[in-house]
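Everything below concerns the one structure shown next.
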Amino acid sequence: MSRYDPSVIEPKWQQAWDKAGTFLATMSKDKPKYYVLEMFPYPSGNLHIGHVRNYTLGDVVARYKKATGHAVLHPMGWDAFGLPAENAAIERKINPEVWTRSNIANMKKQFAMLGLSLDWTREFATCDAAYYGHQQALFLDMLAKGLVYRKNANVNWDPVDMTVLADEQVIDGRGWRSGAEVERRMLTQWFFRITDFAEELIVALDGLDDWPPKVKLMQANWIGRSRGLQMGWALTAPSHGIERIDVYTTRPDTLMGASFLGLSPDHPIAMALEAENPALAKAVAEMRKGGTTEEALETGEKLGFDTGLRVKHPLDPSWEIPVWIANFILMDYGTGAIFGCPAHDQRDLDFCRKYDLPVISTFVPVADSIVLPENGGPAYVPPKPDRVHFVKPVIGIEREISADTAIAETIELAETVGFGTGVTKYRLRDWGLSRQRYWGCPIPVVHCDACGVVPEKKENLPIELPKDVSFDIPGNPLDRHDAWRSVPCPACGKPAKRETDTMDTFVDSSWYFARFTSPGSATPTNPEEAAYWMNVDQYIGGIEHAILHLLYSRFFARAMHLTGHMPETAIEPFKALFTQGMVTHAIYQTRVEGRPVYHYPAEVEARDGKMVLKDGGAEVEVIPSAKMSKSKNNVVDPVAIIEQFGADTARWFVLSDSPPERDVEWTASGAEATNKFLGRIWALSVRIADMGGDAQGVDVQGDDESLLREMHKTIRDVTNGIDSFGFNAAIAKLYAFANTLQKTDASAAGQATAMRTMAQLMAPLTPHLAEEIWAAQGGHGLIADAPWPVADAAMLVEATVTLPIQINGKRRSEITVSADATKEEVEKIALADDAVIKALAGGAPKKLIVVPGRIVNVVV
RNA sequence: GCGGGCGUGAUGAAAUUGGUAGACAUACCAGACUUAAAAUCUGUUGGGCCCUGUGCCCGUGCGGGUUCAAGUCCCGCCGCCCGCACCA
Numbered sequence: 014m015s016r017y018d019p020s021v022i023e024p025k026w027q028q029a030w031d032k033a034g035t036f037l038a039t040m041s042k043d044k045p046k047y048y049v050l051e052m053f054p055y056p057s058g059n060l061h062i063g064h065v066r067n068y069t070l071g072d073v074v075a076r077y078k079k080a081t082g083h084a085v086l087h088p089m090g091w092d093a094f095g096l097p098a099e100n101a102a103i104e105r106k107i108n109p110e111v112w113t114r115s116n117i118a119n120m121k122k123q124f125a126m127l128g129l130s131l132d133w134t135r136e137f138a139t140c141d142a143a144y145y146g147h148q149q150a151l152f153l154d155m156l157a158k159g160l161v162y163r164k165n166a167n168v169n170w171d172p173v174d175m176t177v178l179a180d181e182q183v184i185d186g187r188g189w190r191s192g193a194e195v196e197r198r199m200l201t202q203w204f205f206r207i208t209d210f211a212e213e214l215i216v217a218l219d220g221l222d223d224w225p226p227k228v229k230l231m232q233a234n235w236i237g238r239s240r241g242l243q244m245g246w247a248l249t250a251p252s253h254g255i256e257r258i259d260v261y262t263t264r265p266d267t268l269m270g271a272s273f274l275g276l277s278p279d280h281p282i283a284m285a286l287e288a289e290n291p292a293l294a295k296a297v298a299e300m301r302k303g304g305t306t307e308e309a310l311e312t313g314e315k316l317g318f319d320t321g322l323r324v325k326h327p328l329d330p331s332w333e334i335p336v337w338i339a340n341f342i343l344m345d346y347g348t349g350a351i352f353g354c355p356a357h358d359q360r361d362l363d364f365c366r367k368y369d370l371p372v373i374s375t376f377v378p379v380a381d382s383i384v385l386p387e388n389g390g391p392a393y394v395p396p397k398p399d400r401v402h403f404v405k406p407v408i409g410i411e412r413e414i415s416a417d418t419a420i421a422e423t424i425e426l427a428e429t430v431g432f433g434t435g436v437t438k439y440r441l442r443d444w445g446l447s448r449q450r451y452w453g454c455p456i457p458v459v460h461c462d463a464c465g466v467v468p469e470k471k472e473n474l475p476i477e478l479p480k481d482v483s484f485d486i487p488g489n490p491l492d493r494h495d496a497w498r499s500v501p502c503p504a505c506g507k508p509a510k511r512e513t514d515t516m517d518t519f520v521d522s523s524w525y526f527a528r529f530t531s532p533g534s535a536t537p538t539n540p541e542e543a544a545y546w547m548n549v550d551q552y553i554g555g556i557e558h559a560i561l562h563l564l565y566s567r568f569f570a571r572a573m574h575l576t577g578h579m580p581e582t583a584i585e586p587f588k589a590l591f592t593q594g595m596v597t598h599a600i601y602q603t604r605v606e607g608r609p610v611y612h613y614p615a616e617v618e619a620r621d622g623k624m625v626l627k628d629g630g631a632e633v634e635v636i637p638s639a640k641m642s643k644s645k646n647n648v649v650d651p652v653a654i655i656e657q658f659g660a661d662t663a664r665w666f667v668l669s670d671s672p673p674e675r676d677v678e679w680t681a682s683g684a685e686a687t688n689k690f691l692g693r694i695w696a697l698s699v700r701i702a703d704m705g706g707d708a709q710g711v712d713v714q715g716d717d718e719s720l721l722r723e724m725h726k727t728i729r730d731v732t733n734g735i736d737s738f739g740f741n742a743a744i745a746k747l748y749a750f751a752n753t754l755q756k757t758d759a760s761a762a763g764q765a766t767a768m769r770t771m772a773q774l775m776a777p778l779t780p781h782l783a784e785e786i787w788a789a790q791g792g793h794g795l796i797a798d799a800p801w802p803v804a805d806a807a808m809l810v811e812a813t814v815t816l817p818i819q820i821n822g823k824r825r826s827e828i829t830v831s832a833d834a835t836k837e838e839v840e841k842i843a844l845a846d847d848a849v850i851k852a853l854a855g856g857a858p859k860k861l862i863v864v865p866g867r868i869v870n871v872v873v
């Protein structure tokens, strides 16, 4: 055995861990617990290189925490429901479950090649009835607590595929599969009452100290809290029994600039008027049509229709203002009605110019006499809240106050006079979970002609998906499956029909982390095990889930707590979050008649410093660090990499080149260099083992001192690096120590000691090679069970230190002094330095700064 | 439009959080071994100046500031990236 051959050693150690049950999670009274979780994968069928990075990151943390004496939980499962399985069913006539199960089997094989420290006994897929049955139980408990409800909602309806589409599946107003123009339809849908938690979800972000600030900010923006004034505008004559129109504004200080009142096309008044006014109905239909497409938003054309209604201004009842319906007003934000203030809002100004409505000034900026937007000019940008401006007539006084003060005083005035109140609103909307899809968790309710919507009985759970379905006809096959649909009403026992909608797949991933704590429990979670393992100490995944998945999970943890399935200590399910960057790869392209042609890395080579095609030698344009994409021929297959170099090389390389939060570019040269390095370590280990050194023979005072000092520094630096997710820097220290070890003339015993420590420090990163070295160097048991090395503080203190000497802030010399030298002693030695004497030229320094152990600066 | 981040050699990056800028690696170049190549090992590499050194000047996007000392802190630009967005 003289050659580093990962294809032999990697399977060997994987089997050894398996056999020993090294990574089974067990509750312990003596050890602190540590729950490491990476976002579980969708079983597409193949591992991609991004998975390798994600799961290696988590594995390094898990192995390190195990070595530092923690009871570690590091589980894995499959986010298995979702559209691709249905698409496969349609395209290839395969049952979605068969397709999904075979993908899982294949990916699990690939996972095994990576040597991850996973407890596979806890594995489940969200499409297991044993999992989604408990999800149905959670749904029923949430229904009982009022956390789920049904209401009519507008959805994107694809008339060809006969299904509801998510917003992301609507491209330019058309269904992404069918290409059919999407309609807006009112359907009765199920909703989670996440908006009840809006305030708490925003406030609790403050306590998430170990989350990236960026993610917290994105969530806060998404929840979108705003403070404003809600007020009633009295109609001059009641219409359809309505006397007042409620309006919400965050800028009550612009109240005196109101020139119209705008209603959403979906506002109740608009809908009432629609029935009796054909011209209005036609205009509203037009507005609704374009309403949600991106194209309509981009061109931003403002459409309006004058209802003929008039309202009285709340501060001046003699002032009558027209009521319009406008396409840019959303029914589901605020009250679905606004007052338009064209002087200070560009959108309102555009609208008023188009429909010839008046533009009225409200306040005067201090430094500027502009009152009204000039002809064709932009709306006056309201001053920032911290800048002072005049509020003209709003409060009946004219004085300099800040926008914030003006807003606060106007709200106060409204409350005193009684035309409005200060309210807090959120942009967040309730989470619609109904999907008209087969491959998802069935919603456990029954529709009975007599009893209405009736929850299933818990003893009937799981409500399993039928397997005999066909996708020959567009639409949800559950709708056509009469045998499955027809059930007795759980309340009255009469024939009734099952709900055929299934749950959004985001529901599946909103609590899987809790299920991992007791995957066999007869209830969704087991209180004892959930209390022990939750919350997740370190969660790792992509930034693309910064908002939805993480927000839904935070909501679910709270809902599960309220229904008795989650300890209060875990209502924030993820204590620390890490979002890793992508693995990228260069794109190689040439052009044929101006159109790009993409080439596989194997088709190009470097020649005279240029990249050229192997076949023909044409120069190739290199686009560095691009997202991997099949159509760009720049995808790296991890299985091919592992077969060529081994998993340890892949693991080391994805962590070595860039900090983990940043993108890292996969390069062939980098992977080869990593492989060479691991081979060098292997050879070094063989050489040292042959020397037959014994730990007893280490000579700390003599030959081995400098090597051992370096070793302890390396222990310190690598430990710090892993603790702070500075894996690239930790790896650099390991390279440096390997270089030292290679050149050292320390004793055989000293080298053997250093080699064993090196293996321990490498073990989280390259666990197979580390085991092999550990065994070769006579380590006891598995390195995976060995405790983490501890840096000896005494070995970190040097007898002498070298201090740079600056003259006027520029490095000019250096001195070596005893490590415990006093400031005075250092000053004395520094002043005796040749360069300092020369610079002083006989005079005294103006100032002499000595930072012990750091630097000396002489100011002349 | 609103909000946030980043900018260091040819390249990926490091810098004990205000204290020797460029660790470590890639790439390139040179040398050793070899008939030769690969592999392996060794060495050089921020720019410039006098190659006379163990010497000097410049250098972290640009301009200013604070400080004995700035990649790091402050102000103003420029460039790139990301999130949200007819949100009242």
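Numbering-wise (the numbering used here), the first sequence opens with residue 14 and increments by one.
From the three backbone atoms N, C-alpha and C, an ideal C-beta is built for every residue, glycine too.
Since the structure is predicted, the reported quantities are computational estimates derived from the model, not experimental observations.
Just to check my reading of the structure: residue i and residue j have Cβ atoms closer than 8 Å, yes? What is that Cβ distance to the nearest angstrom?
| i | j | result |
| --- | --- | --- |
| Met771 | Leu782 | The Cβ separation is near 10 Å, so there is no contact. |
| Leu276 | Gly349 | 7 Å |
| Ala843 | Val873 | With 8 Å as the limit, Ala843 and Val873 do not qualify as a contact, their Cβ atoms being about 13 Å apart. |
| Phe94 | Trp452 | 6 Å |
| Arg257 | Leu248 | 7 Å |
| Arg571 | Phe210 | 6 Å |
| Gly188 | Val173 | 7 Å |
| Ile694 | Ala765 | The Cβ separation is near 14 Å, so there is no contact. |
| Glu616 | Val625 | Wrong, their Cβ atoms sit about 10 Å apart, outside the cutoff. |
| Val467 | Val500 | Incorrect: roughly 10 Å between the Cβ atoms, too far for contact. |
With DSSP as the reference, label residue i as helix, strand or coil.
| i | result |
| --- | --- |
| Arg114 | helix |
| Trp787 | helix |
| Gln202 | strand |
| Val810 | coil |
| Cys505 | coil |
| Lys405 | Confidence at Lys405 is low in this model, with a pLDDT of 45, below 50, so its placement is unreliable and the value that follows should be read with caution. Correct three-state label for Lys405: coil. |
| Ser57 | coil |
| Leu561 | helix |
| Glu136 | coil |
| Gly577 | coil |
| Ala686 | helix |
| Ser483 | coil |
| Ile701 | helix |
When DSSP builds the beta bridges, which residues end up paired with residue i?
| i | result |
| --- | --- |
| Leu242 | Thr262, Gly435 |
| Lys623 | Arg620 |
| Met516 | Ser447 |
| His460 | Val466, Lys510 |
| Gly554 | Thr592 |
| Arg604 | Pro609 |
| Gly8 | Any question about residue 8 goes unanswered here, given that the chain covers just 14 to 873. |
| Thr815 | Thr829 |
Could you check where the beta strand (DSSP E) with residue i kicks off and where it finishes?
| i | result |
| --- | --- |
| Ser331 | 329-339 |
| Glu314 | First-last for Glu314: undefined, no H or E at that position. |
| Gly353 | 350-353 |
May I ask you to check if the CB of residue i is nearer than 7 Å to at least one heavy atom of the ligand COA?
| i | result |
| --- | --- |
| Gly555 | No copy of the ligand COA appears in this structure; indeed no ligand is present at all. |
Tell me where the alpha helix (DSSP H) around residue i begins and ends.
| i | result |
| --- | --- |
| Asn234 | 226-236 |
| Glu212 | 211-216 |
Could you tell me whether the region 166-181 touches the region 194-206, where touching means 3 or more Cβ pairs closer than 8 Å? yes
Taking contact to mean at least 3 C-beta pairs separated by less than 8 Å, is the region 559-568 in contact with the region 511-531? Yes, since at least three Cβ pairs between the region 559-568 and the region 511-531 fall closer than 8 Å, the two stretches touch.
Check whether the region 54-69 and the region 416-434 touch, using three or more Cβ-Cβ pairs below 8 Å as the test. no
Mind the definition here: the region 74-87 touches the region 671-685 only if three or more C-beta pairs lie below 8 Å; say whether that holds. no
Can you confirm whether the region 113-133 touches the region 650-667 when touching is taken to mean that 3 or more C-beta pairs between the two stretches lie within less than 8 Å? yes
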